[in-house]
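First the structure, in the form of structure tokens, and then the observations on it.
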Amino acid sequence: MNIILSITINYLLTTILIIIAFWLPQLNIYTEKASPYECGFDPTEITRLPFSMKFFLIAITFLLFDLEIALLLPLPWAFQSINLNMTTWISIALIMILSLGLTYEWLQKGLEWTE
104 MNIILSITIN
114 YLLTTILIII
124 AFWLPQLNIY
134 TEKASPYECG
144 FDPTEITRLP
154 FSMKFFLIAI
164 TFLLFDLEIA
174 LLLPLPWAFQ
184 SINLNMTTWI
194 SIALIMILSL
204 GLTYEWLQKG
214 LEWTE
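The sequence shown begins at 104 in this note's numbering and counts up one residue at a time.
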């Protein structure tokens, strides 16, 4: 019964907030408030400069490897389990996936900044 009440309240609250968001649009858009903040002066050139695709790819690679390394952090507690053999094989497989991914990125020259 509590879960039905909780789901109903969440659904009603979400619906009410969506309706309010559509009924009360911001009608007065001021150009000063819509312009980018440039320390008190108007920008003379384009404020959104294009970014390097190499930077984006290296950032995504970093996030993926960082996530995989975060999966290695609970391994000391996992080694205290009863099934030590299975834990060892899982940790070796995870480290092999990390190593193969790093090797692949290195061979594809995905880690080089200059071309």
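Every residue, glycine too, gets a C-beta built ideally from N, C-alpha and C.
Check: Taking just the CA atoms, how far does S202 sit from I195?; Outcome: 10 angstroms
Check: For F182, which three-state DSSP category applies?; Outcome: coil
Check: Compare the C-alpha of Y207 against each of W216, T164, T217 and name the closest.; Outcome: T164
Check: Looking at G204 and F158, is the spacing between their C-beta atoms short of 8 angstroms?; Outcome: no
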